[in-house]
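Written below as structure tokens is the structure these notes are about.
Number of protein chains: 2
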Amino acid sequence: MTVEHHLKDHDLRVTDIRKRIYEYLVDLDTAVSHAELEMVFSNDFDRVTIYRTLNTFLDKGILHKIPTDTGSAKYALCKDHCTTEEHIDDHVHFKCSKCEKVVCLHDLEIPNVKLPENFKANNAVLMYEGLCDKCS
Amino acid sequence: MTVEHHLKDHDLRVTDIRKRIYEYLVDLDTAVSHAELEMVFSNDFDRVTIYRTLNTFLDKGILHKIPTDTGSAKYALCKDHCTTEEHIDDHVHFKCSKCEKVVCLHDLEIPNVKLPENFKANNAVLMYEGLCDKCS
DNA sequence: GTAACTGCAAAATATTTGCATCCTT
DNA sequence: AAGGATGCAAATATTTTGCAGTTAC
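Protein sequence lines, in the order shown, are assigned to chains G and R.
Under my numbering, the residues of the first sequence are numbered 1390 to 1525, in order.
Under my numbering, the residues of the second sequence are numbered 1390 to 1525, in order.
Okay, structure coming up:
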């Protein structure tokens, strides 16, 4: 399926920046911050538009947001078919404390934890921190 | 053990703001943001000093930082005896999407996930999101 | 043609830093 | 007494908003 189709599938108009950012993320195995995208695309697009593209992608279920303890969030492509209504990314994330990269471990599901009475979860985020395969 | 002893245990001088914030957190069952502390303490202390106190407590292993997807981090007391060198908070967190509170589920350990080859984790954060016991 | 998207300026929010003064030890 | 802690001002970092002009459909 082409990039154009992916965007239209999520009810989005096809624009340059959306194609470029989408393509960039598909080729990438790590999550990106806004700052990284800005370095790559600031010659062609405004930084505000990059923020808006990220938020649009989040809303449409193209991306998921990964909070980090460093002040700026990271974003990565959703694996399957998230939408505005249904947004589920139940895989494990890993953050390398050396190269600072965040990778999605799509094959690892978050294990089930029995929550205390009357806690009803509909989402979970599991982030490991340590040395990744390239840095260890 | 008194608050003063707890602070000295972590190589900290005993000052008003440190005592007040420490006491506030001990009495609390949820994680707090800087903004919440500011509302409580801004008459007595400067907002910058609150930031510095949080960072000092983080560094000394009194607090742990909980990144959220809302732009501002939350902080909660460490359970046992974290230090600057050893900082381990391997319990589950729960964020209520209604009341927005973040609680530490100290009794729930993060389950072991077998990471891919050559990934070496030394820390993990697991955050569930949904309705807490009071809101469900 | 029209609603949605983009760029630029500015605002809002979150956090850190410099420095003079004050306080704990 | 000395070094760490605080308050104030200012700087930096991150993200959002308003609006006019442009573009996808």
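Note that beta-carbon positions come from the ideal geometry of N, C-alpha and C, so glycine has one too.
Around the CB of R:MET1428, fewer than 16 other CB atoms lie within 10 Å, so the residue is classed as exposed. At a cut-off of 8 Å, the C-beta of G:THR1419 has no neighbouring C-beta in chain R.
Nearest C-alpha to G:PRO1456 among G:PHE1434, G:ARG1436, G:HIS1395, G:LYS1490: G:LYS1490. Shortest Cα-Cα distance from G:ILE1406 to any of G:THR1438, G:GLU1518, G:SER1486 involves G:THR1438. Chain order gives the chain R residues near G:PHE1483 as LEU1504, PRO1505, PHE1508, ALA1510, where near means a beta carbon separation below 9 Å.
Under the rule that a run must span 3 or more residues, the beta strand (DSSP E) segments found entirely inside the segment 1414-1444 of chain G read 1419-1422. Take R:LEU1494, set aside five residues on each side of it, and the residues of its chain with a beta-carbon closer than 8 Å to its own are HIS1480, VAL1481, HIS1482, PHE1483, in chain order. In this structure G:VAL1415 is exposed. Its beta-carbon is surrounded by fewer than 16 other beta-carbon atoms within 10 angstroms. Look at R:ASP1448 here: in three-state DSSP terms it is helix. At least one CB of chain R lies nearer than 8 Å to the CB of G:GLU1518. In this chain, the alpha helix (DSSP H) harbouring G:GLU1393 covers 1392-1398. DSSP places R:GLU1518 in the uninterrupted beta strand (DSSP E) bounded by 1509-1520. The Cβ neighbour count for R:ALA1424, taken over all protein chains shown within 10 Å, is under 16; the residue is labelled exposed. In this structure, DSSP gives G:ILE1477 a state outside helix and strand, which the three-state scheme calls coil. Taking all protein chains in view, the Cβ of R:MET1516 is crowded by 16 or more other Cβ atoms within 10 Å, so the residue is classified as buried.
G:THR1442 sits buried, since 16 or more C-beta atoms from the chains shown fall within 10 Å of its C-beta.
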